[in-house]
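>
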Amino acid sequence: MDNSSTEHFILSRLAFGADDAGRAALSRTGLKGWLREQLAPEDGDDPACRQRLAGVKLRIKYPEGKDWPATDEVRPLQWLDAPIDKLAALHDPAKPVAHPEKQRPRLEVSMATLLRAVHSRWQLREVLCDFWHNHFSVNAWDPPVGTALPVYDRETIRRHCLGNFRQMLEAVAQSPAMLWYLNNRTSRAGAPNENYARELFELHTLGRDAYLNGLYSRWRDVPGAREGAPAGYIDQDVYEAARAFTGWGMEDGSGLGGNQHLPRSGRFTYVESWHDNYQKRILATEFDPYQPPLADGRKVLDLAAFHPATARHLAKKLCLRLVSDKPPESLVASAARVWAEHRDRPDQIARTVEHIALSKEFAESRGQKVKRPLELLASFARATGIDFQPAEALLYELDAAGQRLFGWPTPTGHPDTGDYWLGTNALRRRWTLMAGLAENWWGTGPFDPLAALGAKPTAVAFVDHWLTRLHGVASPPVAAALLNTAGLAPDQPINNPAIARRLVAWAGMAPDFQVR
Amino acid sequence: MDINRRDFLKAATAAGCLLPLGGISGLAYGGEGNRPLLVMVFLRGGADGLHLAGPTNDPDYVGARPPEMRVQDGGDRPGHRLEQSLDVALDFRLHPEAAPLAELYAGHRLAVVHAVGLTAGTRSHFVAQDLMERGIADEKLMARTADGWLTRALASGGGIIPALSATASPAYSLHGLPTALAMPDLSSGSSLPWGAPTANLLRGLSLTGTSPVHAAGLRALDMLEAVDRRLPKDGNGKVAPYKPEGNANYEGTGELARALTSVARLAKMDVGLSVACVDHGGWDTHEGQPGRFANQVRQLSQGLAAFHNDMAASGRKVVVVAMTEFGRRLRANKSGGTDHGHGACWLVAGDGVQGGRLLGKWPGLATARLDQGVDLAVTTDYRDVLAEVLAATGLPGKDALPGWKPAGRLGIFA
Numbered sequence: 012m013d014n015s016s017t018e019h020f021i022l023s024r025l026a027f028g029a030d031d032a033g034r035a036a037l038s039r040t041g042l043k044g045w046l047r048e049q050l051a052p053e054d055g056d057d058p059a060c061r062q063r064l065a066g067v068k069l070r071i072k073y074p075e076g077k078d079w080p081a082t083d084e085v086r087p088l089q090w091l092d093a094p095i096d097k098l099a100a101l102h103d104p105a106k107p108v109a110h111p112e113k114q115r116p117r118l119e120v121s122m123a124t125l126l127r128a129v130h131s132r133w134q135l136r137e138v139l140c141d142f143w144h145n146h147f148s149v150n151a152w153d154p155p156v157g158t159a160l161p162v163y164d165r166e167t168i169r170r171h172c173l174g175n176f177r178q179m180l181e182a183v184a185q186s187p188a189m190l191w192y193l194n195n196r197t198s199r200a201g202a203p204n205e206n207y208a209r210e211l212f213e214l215h216t217l218g219r220d221a222y223l224n225g226l227y228s229r230w231r232d233v234p235g236a237r238e239g240a241p242a243g244y245i246d247q248d249v250y251e252a253a254r255a256f257t258g259w260g261m262e263d264g265s266g267l268g269g270n271q272h273l274p275r276s277g278r279f280t281y282v283e284s285w286h287d288n289y290q291k292r293i294l295a296t297e298f299d300p301y302q303p304p305l306a307d308g309r310k311v312l313d314l315a316a317f318h319p320a321t322a323r324h325l326a327k328k329l330c331l332r333l334v335s336d337k338p339p340e341s342l343v344a345s346a347a348r349v350w351a352e353h354r355d356r357p358d359q360i361a362r363t364v365e366h367i368a369l370s371k372e373f374a375e376s377r378g379q380k381v382k383r384p385l386e387l388l389a390s391f392a393r394a395t396g397i398d399f400q401p402a403e404a405l406l407y408e409l410d411a412a413g414q415r416l417f418g419w420p421t422p423t424g425h426p427d428t429g430d431y432w433l434g435t436n437a438l439r440r441r442w443t444l445m446a447g448l449a450e451n452w453w454g455t456g457p458f459d460p461l462a463a464l465g466a467k468p469t470a471v472a473f474v475d476h477w478l479t480r481l482h483g484v485a486s487p488p489v490a491a492a493l494l495n496t497a498g499l500a501p502d503q504p505i506n507n508p509a510i511a512r513r514l515v516a517w518a519g520m521a522p523d524f525q526v527r
Numbered sequence: 006m007d008i009n010r011r012d013f014l015k016a017a018t019a020a021g022c023l024l025p026l027g028g029i030s031g032l033a034y035g036g037e038g039n040r041p042l043l044v045m046v047f048l049r050g051g052a053d054g055l056h057l058a059g060p061t062n063d064p065d066y067v068g069a070r071p072p073e074m075r076v077q078d079g080g081d082r083p084g085h086r087l088e089q090s091l092d093v094a095l096d097f098r099l100h101p102e103a104a105p106l107a108e109l110y111a112g113h114r115l116a117v118v119h120a121v122g123l124t125a126g127t128r129s130h131f132v133a134q135d136l137m138e139r140g141i142a143d144e145k146l147m148a149r150t151a152d153g154w155l156t157r158a159l160a161s162g163g164g165i166i167p168a169l170s171a172t173a174s175p176a177y178s179l180h181g182l183p184t185a186l187a188m189p190d191l192s193s194g195s196s197l198p199w200g201a202p203t204a205n206l207l208r209g210l211s212l213t214g215t216s217p218v219h220a221a222g223l224r225a226l227d228m229l230e231a232v233d234r235r236l237p238k239d240g241n242g243k244v245a246p247y248k249p250e251g252n253a254n255y256e257g258t259g260e261l262a263r264a265l266t267s268v269a270r271l272a273k274m275d276v277g278l279s280v281a282c283v284d285h286g287g288w289d290t291h292e293g294q295p296g297r298f299a300n301q302v303r304q305l306s307q308g309l310a311a312f313h314n315d316m317a318a319s320g321r322k323v324v325v326v327a328m329t330e331f332g333r334r335l336r337a338n339k340s341g342g343t344d345h346g347h348g349a350c351w352l353v354a355g356d357g358v359q360g361g362r363l364l365g366k367w368p369g370l371a372t373a374r375l376d377q378g379v380d381l382a383v384t385t386d387y388r389d390v391l392a393e394v395l396a397a398t399g400l401p402g403k404d405a406l407p408g409w410k411p412a413g414r415l416g417i418f419a
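Those sequence lines, one after another, are chains A and B. Just so we're on the same page, the working numbering is the position in the first sequence counted from 1, plus 11. Just so we're on the same page, the working numbering is the position in the second sequence counted from 1, plus 5.
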C-alpha cells in the first residue's frame, strides 16, 4: 500500500475521516508522532473550532404558555459551558420553562458534537469521546438527563476520555446525568436501587461475560473467590454494591426529614443518613461496618476498575471500535495487559489506545469496520471540505440511519458491530445522507466540487480527484461506473455543478466509503 | 406475477369469475398459500398486565393498589368484563380503554394469556428482551444463540420479502435474516435519491465485492425496488396515502399507526410476507402510571382492532401476538407507578384463535403465591405461547426455541 492510502486508512479510524490537514500532519510526523500529538491535546477546543462553535445558531420555537411568552428566535449556543446549577434550574418547579428550553442543552451538545467531529483539530479525542459516550451511555432524550448533558460531556467524558479509567469511573458514578439515568439518586439504606450497581458490573466494568448468574448466591463457588480474587460477579455482588452506593445522590430538592430539604443545585452530594453503614461482602472482599463517607462506594469502584475482567472487557471494546468486529485475540490480550499495567497512570487510556494503534493487527484491519452514521457524515464533510455547519435536521437523519445521538434507549449504548448499521432502510438513509450533504438540503453548507480543480477538468480527472479524496484510491472500475452513470465520456470536460455534486455524492454512497 | 391483488380482484370480478376469497388470496399472495401472516407486537418496557387485565374483586389486588392503578368492577369507569373459566371466583376485567379488545374477545377472536413470561426471573429490560427475541430462557445460551427466534422459525424459503421489521431499529427477533426488510415506515417510500441511476450504480458497485456491506447493499436494493415498484404513487411520484379496507381506522394509535399500516400495506403486496415485527414503546411506567397507561392501552386496543378489521376485510389471514418482556410489581410504588415485576399478560388475536378465553394458570396474588413475595408468578413459559403460534402459522421453526420442552398445551388455537 502506498503512503496516501495508508494515511487515508489511519484517518478513517483514528479520526472522523481524512482531510487535507490530517494528511499533511500525518505525512509530516508519521503515525507515532501524530499519535503523540493527538493523545496530548490542549484543554478544550482548538481556537478555530472554538470560533466556529461561537458562530453556531439554532432556532427555538414554541407557543405561548401560562408561564412563558410565545417564542420564535435564532439563538447562539448558550449551555455548553454552563455549570450544573444553571442547567438544573430548567427543572425548578417555581420557574417553569417550556419543554423546548429543556431540550436545548442536549441539542446544543449534539450540534457541538457534529461540529467537532468535522472540524476539531483533536480528532482522536473526538473519536474517544464518541466511544466513551457509547460505553457510559445515558439517554439524554429524557429531559432531566438531557439538561445535565453539557456537564456530563464536558466534565465526565471529555475530561477523562484519554486519562485514567478509575478516575473516569468515579466521575461517572458522581455525574448528575448517570445518577438520574440509573436512579442512584433515589437509592437509600433499606430501599436500595440496584440499577446503577448492576450496570456498573455488567456494562461499565467487568462485562456480561463475567456475570456468573448460575452461581446466584454461592459466592464461595466463584472460581478464585476463596483467595479474594473472584473470576466474576454474581447477583449478590450487585445487591451488596447497591447498598455500598446508597447515599450517593444529587441535590434535587429531596426531603431529608424534619422539614429539611436538599437544595436544587443538581450537584452530586453524599447524604450520610441515606447510606447503609453495615458490613458488606462484594467480589469476595469484606467491607467493615461504619466506613468514612464515600469509602464503601469508592472501594467498589476500586474492585471493579482493577478487576482483570474489566481490563479485558475494555480492551475488547476499544478494539471493537478501533480495529474490527472480530478483533484478534492476540491484540485484545496485549491491550488488556497494557491497560492493567497502567492502571494507576493518568494517561492509562491514551497508552492503551496508542498500543492498539501501533499494533500489527491494527495495520492489517483495513475496511473491517462499517462506519457509524456520524462517522459517515463527518468523513464526507471532511473529505469534501464543505464549510460544514451543524443543523438540527441532521439529528433526525442520523436517527433514521440508526444512530440516535445521546438517545440510545438502554444503557448498553449503540451496538458496535456492522450488521446493526446495515438494515434495509438504514442503508437507504445513509445513501440519502450523502445526497443531502452534497446538495445542501439541510443548510450544512454549499458544495462546489468543481472549484477545487481549476479550469475545465475532464470528467475522468474530476472523478479521479474525488475518488482519491473519498476512497483513498481512485479505482478505475469505480471511476468508469461513475462516469457511465452520469453519461460522461472520460475526456469530456465537466462543467455542470449539479452533475458534479451527484458524482461526488455517488462516490460517498459506494461500498468503499461505507467502511473505514 | 407482477399483478397486484386489487387489480387481480378487479379483473376477476369484471370477468365474472370471483372465486371464494381464500382461493384468491392464495393465488394473489404467491408462495405462502393461505398461511396466516404472523405479526409480533412487542410492548417495550414491561407492560403492567395487572392493569391491563385485572382480577377486580380479589382483595389482594384491591389492597395492593390505589383505585386509579387497577381495573375496577364498578364506579364511573368500570373495566370490561371477561367471560372466563380460569378462576370463576374472580371477576377479570380489561382496562376501561380496551373496549376494542373487549369486543374482539367477546367475538372469540382474541385470547388473553396471563401470568406468562421468562421462567428465569431477570428484572432487566434488555436481558429479558434479549432472551425473548432469541427464543431462549437461559442466559448461558445467549452466546450460542446469535440469531433471532423468528429467523430460525422462518428457516429458508418464503417470497421476496418473507419478513418485515417495521421498527425504528431492526427487531432482534429477525436478526441474521438477510431477507428481512428493516423499514419503520412504508408511507415515506423506498425510493433512492435521484432514482434509477443511483440504484443501477449501487447495484453494479455492490456486485464487485463480497463484504457484508456489498451483500447488504444488494439485498437492500432488491427489497427497496420490490417495494417501490408496488407502492401506489400519485402524479408527482409521491407515495399515495394508505387506504385501509373495511371500517378500519388507525387514527389515534400513535406510533402503532405507522408500523401497522406498513405491515398491512406490505401484506397486501405479492412479496410473500410471512412474519412482521412491530414495536410499541412507553410501557415502563415507574411514575405517572394512570394517565400514561390509559393512553398506551387506548393506542394498543385501537391499533390491534384497526389492523384486525383491515386484514379481515382484505381476506388475508393473520395472527397477532402482543408480547412484553415482563409484568410489573403487584404493589404500586410511591411515585404513582409500578416497578419491574415478573409475570405478564400477553394477547393473541386473529385467524384460528379460539378466542374469548383467558388462558394459562392463575397463580393468585396472596403473598405466599407471589414470585419473591412481590410479583405475579410466571406459570406459563412464554415459549409455550410462541410454539403454538408457530404451529398455527405453519412456520417450520425447528430450532426456533432452543432448550424449550413442551409442558402441556395452552390450546390458543382451535
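The C-beta atom is built at its ideal place from N, Cα and C for all residues, glycine as well. Bear in mind the structure is a predicted one, so any value in this text is a computation, not a measurement.
Give the secondary structure of S216(B) by DSSP, where H, G and I count as helix, E and B as strand, and everything else as coil.
Reduced to three states, the DSSP call for S216(B) is coil.
> What are the boundary residues of the alpha helix (DSSP H) that includes E393(B)?
That run of the alpha helix (DSSP H) goes Y387 to T398.
> F147(A) to L190(A), Cα distance in whole Å?
Cα to Cα, F147(A) sits roughly 12 Å from L190(A).
> Using CA atoms only, rank isn't needed, just tell me which of F418(B), G413(B) and G408(B) is closest to R139(B).
Checking every option, the nearest Cα to that of R139(B) belongs to G408(B).
> If you drop the 5 nearest sequence neighbours on each side, which residues of the same chain put their C-beta closer than 7 Å to that of M122(A)?
Excluding sequence neighbours, M122(A) sits near V67, L69, L88 and P401.
> Considering S15(A), what are the terminal residues of the alpha helix (DSSP H) in which it resides?
From DSSP, the alpha helix (DSSP H) with S15(A) extends over N14 to L25.
> For L37(A), is the classification buried or exposed, using 16 other Cβ atoms within 10 angstroms of its Cβ as the cut-off for buried?
So L37(A) counts as buried.
> Any beta-carbon of chain A closer than 7 Å to the one on A299(B)?
So no, A299(B) is outside the interface.
> Using the beta-carbon of each residue, which ones in chain A are nearer than 9 Å to A264(B)?
Result: empty, since nearest Cβ-Cβ is about 13 Å, beyond 9 Å.
> Quick one: grab the DSSP three-state call for K410(B).
The answer is coil: DSSP assigns K410(B) none of H, G, I, E or B.
> What's the call for P338(A), buried or exposed, on a 16-neighbour Cβ count within 10 Å?
The residue in question, P338(A), is buried, as its Cβ has 16 or more Cβ neighbours within 10 Å.
> When the Cα atoms are used, what is the spatial distance from R196(A) to Y301(A)?
Going by the C-alpha atoms only, they are around 21 Å apart.
> Establish whether the CB of L438(A) and some CB of chain B are separated by less than 7 Å.
By this cut-off, L438(A) is an interface position.
> Quick one: measure Cβ to Cβ for R333(B) and G51(B), integer angstroms, because I've assumed they're closer than 8 Å.
Yes, R333(B) and G51(B) are in contact; Cβ-Cβ is about 6 Å, under 8 Å.
> Among M274(B), G259(B) and P202(B), which one has its Cα closest to the Cα of R297(B)?
Residue G259(B) is the option with its Cα nearest to R297(B).
> For chain B, find out if any of its Cβ atoms is closer than 7 Å to the Cβ of P522(A); answer yes or no.
Yes, contact with chain B.
> Extract the residue ranges of the alpha helix (DSSP H) inside the segment 87-151 of chain B, only unbroken runs of 4 or more that lie entirely within it.
Segments of the alpha helix (DSSP H) lying fully in the segment 87-151 of chain B: 104-111 and 130-139.
> On a Cα-Cα basis, can you pick out the residue from D96(A), L388(A), N451(A) and C172(A) that is closest to Q49(A)?
With distances taken between Cα atoms, Q49(A) lies closest to C172(A).
> If you follow the alpha helix (DSSP H) that I71(A) is in, where does it begin and where does it stop?
No alpha helix (DSSP H) holds I71(A); the beta strand (DSSP E) holding it covers K68 to Y73.
> Run through the DSSP bridge pairs and tell me what L135(A) is partnered with.
DSSP, once it has assigned bridges, lists no residue as partnering L135(A).
> Shorter than 7 Å from the beta carbon of M12(A) to some beta carbon of chain B?
With a pLDDT of 48 at M12(A), under the threshold of 50, the predicted position of this residue should be treated as unreliable, though the coordinate-derived value follows. No, no contact with chain B.
> Check this for me: beta carbons of G342(B) and E292(B), under 7 Å apart or not?
For G342(B) and E292(B), yes; Cβs fall inside 7 Å.
> For V218(B), which residues in chain A fall below 8 Å Cβ to Cβ?
Neighbours of V218(B) on chain A, chain order: V381, G429, L433, P522, Q525 and V526.
> Of the residues that make up the segment 480-493 of chain A, which ones have a beta carbon closer than 8 Å to any beta carbon in chain B?
Here the close residues are P488, V489, A492 and L493.
> What in chain B is Cβ-close to T423(A), meaning under 7 Å?
Residues of chain B passing the Cβ test: F131.
> If I measure Cβ to Cβ from V515(A) and keep anything under 6 Å in the same chain, skipping five residues before and after, which residues do I get?
Same-chain partners within the cutoff: A449, P460 and W477.
> Taking Cβ positions only, does P246(B) come closer than 7 Å to chain A?
Closer than 7 Å: no.
> Roughly how many angstroms lie between the CA atoms of G240(B) and V76(B), to the nearest whole one?
Going by the C-alpha atoms only, they are around 50 Å apart.
> Based on the DSSP output, what are the partners of Y247(B) in its beta bridges?
Looking at the DSSP assignment, Y247(B) forms no beta bridge with any residue, so it has no partner.
> Name the one or two DSSP bridge partners that I293(A) has.
T296(A).
> Please identify the residue among L155(B), D65(B), A204(B) and V118(B) whose C-alpha is closest to the C-alpha of A405(B).
Among L155(B), D65(B), A204(B) and V118(B), the Cα nearest to that of A405(B) is on L155(B).
> Measure the alpha-carbon distance for A485(A) versus T124(A) and round it to whole angstroms.
Rounded to the nearest angstrom, the two C-alpha atoms are 31 Å apart.
> Of all Cβ atoms in chain B, is any one closer than 7 Å to the Cβ of T158(A)?
Not closer than 7 Å to any Cβ of chain B, the Cβ of T158(A) fails to qualify, so no.
> Can you name the residues of chain A whose CB is closer than 7 Å to the CB of A192(B)?
Here the sequence assigns Ser to residue 192(B), which means Ala is not the residue at that position. The contacting residues do not exist; S192(B) stays about 12 Å from chain A at best.
> Let's see if you can read the secondary structure: which residues bound the beta strand (DSSP E) around C282(B)?
First-last of the beta strand (DSSP E) with C282(B): V280 to H285.
> Is the segment 366-385 of chain B touching the segment 106-122 of chain B in the sense that three or more CB pairs, one from each, lie closer than 8 Å?
Yes, the segment 106-122 of chain B touches the segment 366-385 of chain B.
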